Amino acid sequence: MHPNLALILGNYDVSKRKIDSFLCDWKKNSNHNPLIVKGARQIGKTESILHFAKQNYDNVVYINFVEEPKYKNITVDGYKPEQICKNISLLNPEVKFTKGSTLIFFDELQDFPEIATSLKFFKIQGVYDVICSGSLLGINYSKVVSNSVGYNTDFIMHSMDFEEFLWAKGYDENIAEMMLEHIRNHTPFSTLEQEVFFSLFRDFSLLGGMPALVKSYFENGSFVGILDMQRQLVA
Numbered sequence: 001m002h003p004n005l006a007l008i009l010g011n012y013d014v015s016k017r018k019i020d021s022f023l024c025d026w027k028k029n030s031n032h033n034p035l036i037v038k039g040a041r042q043i044g045k046t047e048s049i050l051h052f053a054k055q056n057y058d059n060v061v062y063i064n065f066v067e068e069p070k071y072k073n074i075t076v077d078g079y080k081p082e083q084i085c086k087n088i089s090l091l092n093p094e095v096k097f098t099k100g101s102t103l104i105f106f107d108e109l110q111d112f113p114e115i116a117t118s119l120k121f122f123k124i125q126g127v128y129d130v131i132c133s134g135s136l137l138g139i140n141y142s143k144v145v146s147n148s149v150g151y152n153t154d155f156i157m158h159s160m161d162f163e164e165f166l167w168a169k170g171y172d173e174n175i176a177e178m179m180l181e182h183i184r185n186h187t188p189f190s191t192l193e194q195e196v197f198f199s200l201f202r203d204f205s206l207l208g209g210m211p212a213l214v215k216s217y218f219e220n221g222s223f224v225g226i227l228d229m230q231r232q233l234v235a
């Protein structure tokens, strides 16, 4: 496991996200490809994947090509899993590779799209599961595609939507579904429902869907500091 994995997750209250069910279904498919998760910065990709990984694998090998560029050298001997795993172990002797129960997570793929070449070999060997994640992938994604064509599955993750916001607030799926049923069937809300959902949607609209903002708002119970955080996130 990456030595800073606990630090990365920290006290982050990993809200239920729609990617969760996709990741579980992906793992259940015995013939799954390596996965590439794309999406904007700061939408919770890393946290969601690491949370899933900790719940479903004995070993998680986390590689961040931005924070630790030394890992860009793991392909110097080639792109086969045994060569890459050997070089990862040389750089970090604490990692463990156990066949059938290890997830390798390559984060910040946009900084080292060449690693996508290895996905073909990880798929063929089928020994370790691999997830890649990156932001602004459009810049280098043609290179990623050419390096891994036919041997990866893509998932596009978005910022939190209103339903995920309700989950994070503590509402269960039944409440969210009740709201959606009103919308689908064009049936009016009760006065109480309208007041509650309008207030929640107003808060969501002011916050936006970045998990860090939602978490700060729930912890502090106010919008104090939110505007500064929003400016930092888009800077």
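Heads up: the sequence shown begins at 1 in the working numbering, then just goes up one per residue. Every residue, glycine too, gets a C-beta built ideally from N, C-alpha and C. From a predicted model like this one, the values you see are computed outputs, not experimental measurements.
Those residues which DSSP pairs with residue i across a bridge
i: residue 155; result: 37
i: residue 130; result: 104
Residue i versus the options, residue with shortest Cα-Cα distance
i: residue 37; options: 67, 181 and 26; result: 26
i: residue 183; options: 67, 163, 202 and 172; result: 163
i: residue 236; options: 233, 167, 94 and 39; result: Only positions 1 to 235 of the chain appear in the structure, and residue 236 is not among them; the question remains open.
i: residue 171; options: 107, 75 and 196; result: 196
i: residue 52; options: 65, 39, 28 and 127; result: 28
i: residue 19; options: 50, 68, 31 and 33; result: 50
i: residue 125; options: 30, 232, 230 and 226; result: 30
i: residue 35; options: 198, 134, 185 and 204; result: 134
i: residue 55; options: 97, 68, 95 and 101; result: 101
i: residue 149; options: 78, 33, 24 and 22; result: 33
i: residue 82; options: 97, 46 and 203; result: 97
i: residue 23; options: 48, 186 and 68; result: 48
Within 8 Å, strictly: CB atoms of residue i and residue j
i: residue 210; j: residue 43; result: yes
i: residue 57; j: residue 103; result: yes
i: residue 91; j: residue 110; result: no
i: residue 237; j: residue 157; result: There is simply no residue 237 to check, as the chain begins at 1 and stops at 235 in what is shown.
i: residue 107; j: residue 62; result: yes
i: residue 230; j: residue 208; result: yes
i: residue 153; j: residue 115; result: no
i: residue 112; j: residue 155; result: no
i: residue 206; j: residue 223; result: yes
Cβ-Cβ separation, residue j to residue i (assumed contact under 8 Å), whole Å
i: residue 123; j: residue 151; result: 5 Å
i: residue 131; j: residue 105; result: 5 Å
i: residue 88; j: residue 118; result: Their Cβ separation, rounded to whole angstroms, is 11 Å, which puts residue 88 and residue 118 out of contact at 8 Å.
i: residue 121; j: residue 80; result: 5 Å
i: residue 99; j: residue 60; result: 15 Å between Cβ atoms; not a contact.
Cβ of residue i within 8 Å of any chain C Cβ
i: residue 202; result: Structure shown: chain C not included; a single protein chain is present.
- Item | Those runs of the alpha helix (DSSP H) which lie wholly inside the region 56–92 and span at least 4 residues | 81–91
- Task: Return the chain-ordered ranges of every alpha helix (DSSP H) run that is complete within the region 171–202 and spans a minimum of 4 residues.
- Result: 173–185
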